[in-house]
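Participant: What follows is a single structure, and I will ask about it in a moment.
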Amino acid sequence: MAVYKLRTPISEEEVRRLKVGDVLYVSGTMVTARDAAHRRALELARKGEKLPVDLEGAVLYHCGPVVRKVGERWEVVAAGPTTSTRMEMFEADFIRAFGVRVVVGKGGMGAKTTEACREFGAVYAAFTGGCGALAAKAMKRVVRVEWLDLGIPEALWVLEVEDFGPLVVAIDTHGNNLYEEVKRAVEDKKAKIYERLGIS
Amino acid sequence: MSIKVVEETAYKLLKLAVTVLPRDVRTALEEAYRTETSDIGRAQLEAILEDVRLAEEQSRPICQDTGTIIFYAKLGADFPARKGIYEALVRATRKATKEVPLRPNAVDPLAERNTGDNTGRYIPYVHWELFDGDYLELTAFPKGGGSENTCRLGMLSPGLGLRGLKKFVLDTVIEAGGKPCPPIIVGVAVGGGSDMAMELAKKALLRPLDQPNPVPELARLEEELLSAINETGIGPMGLGGRWTALRVHIDYACRHPASYPVAVATQCWAARRAAARIYADGSVEFLTHEVG
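Residue numbers (our numbering), protein chains in the order written: chain A, 1 to 200; chain B, 201 to 492.
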């Protein structure tokens with residue numbers, strides 16, 4: 001379990017060094033996107049149009065933050081991760097189209113994303129679910145917000161972060177998926193637990 | 201006594217609920233942190249305890265998903281301010297959304313539009329209970345979406361009895377994996393009908409974690425299920441480890457002879473509940489938090 005600190009723009013080479021179980025802290029530009037933002041971004045990509053923010057080498061964050069406006073300035077109040085599986089249907093295409101290197105969320109992602117991480121050079125890293133106040137501490141500034149018409153939680157929040165973490169690398173570029181490993185271990189134990197409960 | 205007291209208390213409860221985790225939940229998380237065997241699991245619990253500390257210190261939400269706004273209200277028949285309680289709760293919700301702030305989490309599913317202030321059709325939702333007395337007991341219990349999505353209701357076969365219940369609970373927790381933000385609290389109810397089972401399973405989550413089940417048979421079943429769930433090794437955040445659940449809480453109601461409803465309500469580690477009693481003279485006693 002090695003500890004890495006990365007700064008955006010993150011190179012393919014840097015993420016290919018990481019392995020599941022490694023701990024990661026990221027600094028630089030992080031952009032939030034949930035379901036609706038993923039859908040819109042991919043529609044734009046299909047039409048050959050550009051996104052309002054460059055995601056090459058950036059960190060993508062599955063998050064719908066609590067924010068408040070102080071004068072003309074936005075401030076992040078709490079911003080832990082949302083459940084990533086909802087983005088599984090979009091993520092492989094998203095990684096390919098926009099070149100993000102680190103996807104941060106919670107709960108893990110599936111086979112398509114794992115394959116895209118291997119092919120295009122990206123990792124999925126877990127931030128502890130529920131830790132909204134802890135996450136906000138590392139967010140130094142709201143650079144800007146795009147697509148606010150989708151609603152506050154669904155908008156693209158462009159954030160400047162400093163040592164955002166600890167993140168646990170849960171999908172690496174070598175085809176490993178920590179959640180799948182845990183799931184397989186749970187399946188292996190199931191028969192024994194059933195037996196003990198008298199339900200086999 | 202003015203209805204304003206109800207509104208102010210409800211606002212305070214929402215703020216307390218989302219910013220200060222009740223002591224019993226914190227103690228259970230600290231115990232988990234001390235005894236977690238997986239390094240990754242321990243790191244998750246460490247982050248959680250640090251988050252809880254920061255949220256309280258800075259009076260900001262523990263989690264950005266400040267939940268669907270739900271109240272439990274026990275209304276005494278002789279409570280003097282019975283008129284306009286729901287409207288007071290709506291005003292408190294709007295104020296909390298703006299000032300705490302809370303994330304706007306009420307989406308109209310027909311218009312597919314976020315109402316923007318956490319109120320709308322049936323929201324905030326209130327579980328009413330009438331009793332013979334003169335006070336109003338209010339509990340704010342906002343529920344996050346991640347752990348709500350893994351709640352399950354099973355209309356099981358009565359022939360299976362408790363064996364069916366045990367399997368359903370275990371399978372539900374395994375299927376949920378890391379999605380409901382473990383270590384979770386598992387509320388379970390058997391009996392009643394489909395609606396009653398779900399209601400009781402959720403209400404079981406309100407029981408403080410340091411309070412044993414008063415029914416010895418259920419207390420034993422809770423222990424048995426808790427140890428089975430933690431044997432799975434799903435662990436904090438589904439990343440592997442000893443602590444998948446902090447507690448299992450079970451309640452029951454009589455069932456129809458042909459039905460065996462079992463409800464499982466999964467609650468993330470951020471079990472944000474805050475309760476207070478408003479007495480007939482307008483004085484307020486906070487039950488879950490120390491309020492200076």
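Every residue, glycine too, gets a C-beta built ideally from N, C-alpha and C.
#1: Is the segment 335-344 of chain B touching the segment 273-290 of chain B in the sense that three or more CB pairs, one from each, lie closer than 8 Å?
#2: Please list the segments of the alpha helix (DSSP H) lying wholly inside the segment 264-340 of chain B, counting only runs of 4 or more residues, in order along the chain.
#3: Going along chain B in order, which residues have a C-beta closer than 8 Å to the C-beta of Thr85 (chain A)?
#4: Could you check whether Gly241 (chain B) and Gly435 (chain B) sit closer than 7 Å to each other, using their CB atoms as the reference points?
#5: At what residue ranges does the segment 78-166 of chain A contain a whole run of the alpha helix (DSSP H), taking only runs of 4 or more?
#6: Tell me, please, whether the CB atom of Thr113 (chain A) is closer than 7 Å to any CB atom in chain B?
#7: Using CA coordinates, which residue listed in A:Arg86, A:Ala185, A:Arg144, A:Met30 is at the minimum distance from Asn349 (chain B)?
#8: Residues of chain B with CB under 7 Å from Val186 (chain A), in chain order?
#9: In whole angstroms, give me the CA-to-CA distance for Glu180 (chain A) and Ala288 (chain B).
#10: Quick check: what's the CA-CA separation for Asn314 (chain B) versus Val67 (chain A)?
#11: Given a threshold of 16 other Cβ atoms within 10 Å of its Cβ, counted over all protein chains shown, does Thr83 (chain A) qualify as buried or as exposed?
#12: Can you list the residues of chain B that Ile193 (chain A) reaches, using a CB-CB cut of under 8 Å?
#13: At 9 Å on the CB atoms, spell out the chain A contacts of Ile262 (chain B), in chain order.
#14: On a Cα-Cα basis, can you pick out the residue from A:Leu24, A:Ala78, A:Thr173 that is closest to Ala92 (chain A)?
#15: Are the Cβ atoms of Val388 (chain B) and Ala401 (chain B) separated by less than 7 Å?
#16: Just to confirm my understanding: we take Met109 (chain A), look at its own chain, exclude 5 residues before and 5 after, and list those with CB closer than 7 Å. What are they?
#17: Is the CB of Leu159 (chain A) under 7 Å away from at least one CB in chain B?
#18: Just to confirm, is the Cβ distance from Val441 (chain B) to Gly378 (chain B) under 7 Å?
#19: Suppose you measure from the CA of Val386 (chain B) to the CA of Gln467 (chain B); what does that come to, to the nearest Å?
#20: Indicate the three-state DSSP secondary structure (helix, strand or coil) for Ile262 (chain B) in the structure shown.
#21: Which residues does DSSP pair with Tyr4 (chain A) in a beta bridge?
#22: List, in order along the chain, the chain A residues whose C-beta lies closer than 9 Å to that of Cys468 (chain B)?
#23: By the three-class DSSP mapping on this structure, what secondary structure does Asn413 (chain B) have?
#24: Can you give me the C-alpha to C-alpha distance between Val145 (chain A) and Ile10 (chain A), rounded to a whole angstrom?
#25: Answer yes if the segment 38-49 of chain A comes into contact with the segment 64-81 of chain A, meaning at least three C-beta pairs across the two stretches below 8 Å, and no otherwise.
#26: When Cβ atoms are compared, which residues of the segment 220-249 of chain B fall closer than 8 Å to chain A?
#27: Just checking: is the beta-carbon of Arg68 (chain A) within a distance shorter than 7 Å of some beta-carbon in chain B?
#28: Quick one: using the 10 Å Cβ neighbour count with 16 as the cut-off for buried, is Gln244 (chain B) buried or exposed?
#29: Quick one: what's His62 (chain A) bridged to in DSSP?
#30: What does DSSP give as the partner residue(s) for Gln467 (chain B) in the beta ladder?
#31: Could you name the residues of the same chain whose beta carbon sits closer than 6 Å to that of Lys367 (chain B), not counting the 5 residues immediately before and after it, in chain order?
#32: Measure the alpha-carbon distance for Leu360 (chain B) versus Glu246 (chain B) and round it to whole angstroms.
#33: Which residues in chain A sit within 8 Å of Leu439 (chain B), going by Cβ to Cβ distance?
#34: Identify whether Arg34 (chain A) lies in helix, strand or coil by the three-state DSSP scheme.
#35: Quick check on DSSP: helix, strand or coil for Ile193 (chain A)?
#36: In chain B, what lies closer than 7 Å to Ile199 (chain A) by C-beta?
Facilitator: Reading it off the structure:
#1: Three or more beta-carbon pairs separated by less than 8 Å link the segment 273-290 of chain B to the segment 335-344 of chain B, which places the two stretches in contact.
#2: Whole alpha helix (DSSP H) segments, 4+ residues: 285-299.
#3: The count along the first sequence starts at 1 and reaches residue 85 (chain A) at position 85. Going along chain B in sequence order, the residues near Thr85 (chain A) (Cβ under 8 Å) are Lys379.
#4: Position 235 of the second sequence, counted from the start, is the residue given in the question as residue 435 (chain B). Position 41 of the second sequence, counted from the start, is the residue given in the question as residue 241 (chain B). Contact flag set, yes.
#5: Listed in chain order, they are 88-98, 111-120, 132-137.
#6: Here residue 113 (chain A) refers to the residue found at position 113 when the first sequence is read from its first residue. Cβ-Cβ to chain B under 7 Å: no for Thr113 (chain A).
#7: As a first step, residue 349 (chain B) is located in the second sequence; it is residue number 149 there, counting from the start. It is A:Arg86 whose Cα lies nearest to the Cα of Asn349 (chain B).
#8: By 1-based counting over the first sequence, the position of residue 186 (chain A) is 186. Counting only Cβ-Cβ distances below 7 Å, Val186 (chain A) has contacts in chain B at Ile374, Thr432, Gly433, Ile434, in chain order.
#9: Reading the first sequence from its first residue, position 180 is the one you call residue 180 (chain A). Reading the second sequence from its first residue, position 88 is the one you call residue 288 (chain B). Those two C-alpha atoms are separated by around 47 Å.
#10: Indexing the second sequence from 1 puts residue 314 (chain B) at position 114. Indexing the first sequence from 1 puts residue 67 (chain A) at position 67. So the alpha carbons of these two residues sit roughly 16 Å apart.
#11: As a working mapping, residue 83 (chain A) is identified with position 83 in the first sequence. Looking at its Cβ environment, which holds 16 or more other Cβ atoms inside 10 Å, Thr83 (chain A) is buried.
#12: On the first sequence, residue 193 (chain A) is found 193 positions in, with the first residue counted as 1. What Ile193 (chain A) touches in chain B: Leu370, Ala428, Glu431, Thr432.
#13: Along the second sequence, read from residue 1 onward, the residue named residue 262 (chain B) stands at position 62. Ordered by position in chain A, the residues that pass the 9 Å Cβ test against Ile262 (chain B) are Ala78, Gly80, Gly130, Cys131, Gly132, Ala133.
#14: If you number the first sequence from 1, residue 92 (chain A) lands on position 92. Answer by Cα proximity: A:Thr173.
#15: One-based indexing of the second sequence puts residue 388 (chain B) at position 188. One-based indexing of the second sequence puts residue 401 (chain B) at position 201. Cβ distance < 7 Å, so Val388 (chain B) and Ala401 (chain B) count as in contact.
#16: Here residue 109 (chain A) refers to the residue found at position 109 of the first sequence. For Met109 (chain A), where only same-chain residues beyond five positions count, the Cβ hits under 7 Å are Ser84, Thr85, Glu88, Glu91, Tyr124, Ile171.
#17: As a working mapping, residue 159 (chain A) is identified with position 159 in the first sequence. Output row for Leu159 (chain A): interface = no.
#18: The residue you call residue 441 (chain B) lines up with position 241 of the second sequence. The residue you call residue 378 (chain B) lines up with position 178 of the second sequence. In the sequence as displayed, the identity of residue 441 (chain B) is Gly instead of Val. Taking the C-beta atoms as reference points, Gly378 (chain B) is found no nearer than 7 Å to Gly441 (chain B).
#19: Counting from one through the second sequence, the residue named residue 386 (chain B) turns up at place 186. Counting from one through the second sequence, the residue named residue 467 (chain B) turns up at place 267. Straight through space, the alpha carbons of Gln467 (chain B) and Val386 (chain B) are spaced by roughly 6 Å.
#20: Stepping through the second sequence from its first residue, residue 262 (chain B) is reached at position 62. Three-state DSSP puts Ile262 (chain B) in coil, outside helix and strand.
#21: Your numbering for residue 4 (chain A) matches position 4 in the first sequence. For Tyr4 (chain A), the beta-bridge partners assigned by DSSP are A:Leu24.
#22: The residue labelled residue 468 (chain B) in the question sits at position 268 within the second sequence. Listed along chain A, the residues sitting closer than 9 Å to Cys468 (chain B) by beta-carbon distance are Gly129, Gly130.
#23: Stepping through the second sequence from its first residue, residue 413 (chain B) is reached at position 213. Reduced to three states, the DSSP call for Asn413 (chain B) is coil.
#24: For the purposes of this step, residue 145 (chain A) is identified with residue 145 of the first sequence, where counting begins at 1. For the purposes of this step, residue 10 (chain A) is identified with residue 10 of the first sequence, where counting begins at 1. Their backbone Cα atoms lie some 22 Å apart in a straight line.
#25: With the cut-off at 8 Å, the segment 64-81 of chain A and the segment 38-49 of chain A do not touch.
#26: The segment 220-249 of chain B vs chain A, Cβ under 8 Å: Asp239, Ile240, Ala243, Gln244, Ala247, Ile248.
#27: Counted from its first residue, the first sequence places residue 68 (chain A) at position 68. For Arg68 (chain A), the answer is yes, since a Cβ of chain B falls inside 7 Å of its Cβ.
#28: By one-based count along the second sequence, residue 244 (chain B) stands at place 44. Here Gln244 (chain B) is buried, its C-beta having at least 16 other C-beta atoms within 10 Å.
#29: In the first sequence, residue 62 (chain A) corresponds to position 62, counting from 1. DSSP links His62 (chain A) through a beta bridge to no other residue.
#30: Residue mapping note: residue 467 (chain B) aligns to position 267 of the second sequence, counting from 1. DSSP lists B:Ile385 as partners of Gln467 (chain B).
#31: As a position in the second sequence, residue 367 (chain B) is number 167, starting the count at 1. By the criterion of a C-beta distance shorter than 6 Å, Lys367 (chain B) is surrounded by no residue of its chain, once the five residues flanking it on both sides are discounted.
#32: As a working note, residue 360 (chain B) is residue 160 in the second sequence. As a working note, residue 246 (chain B) is residue 46 in the second sequence. Going by the C-alpha atoms only, they are around 41 Å apart.
#33: Position 239 of the second sequence holds residue 439 (chain B). Simply Ala126, Val168, Ala170, Leu178, Tyr179, Val182.
#34: In the first sequence, the residue the question calls residue 34 (chain A) occupies position 34. Note: Arg34 (chain A) maps to coil in three-state DSSP.
#35: Indexing the first sequence from 1 puts residue 193 (chain A) at position 193. DSSP places Ile193 (chain A) in helix when its eight states are reduced to three.
#36: Here residue 199 (chain A) refers to the residue found at position 199 when the first sequence is read from its first residue. The contacting residues are Arg363, Lys366, Lys367.
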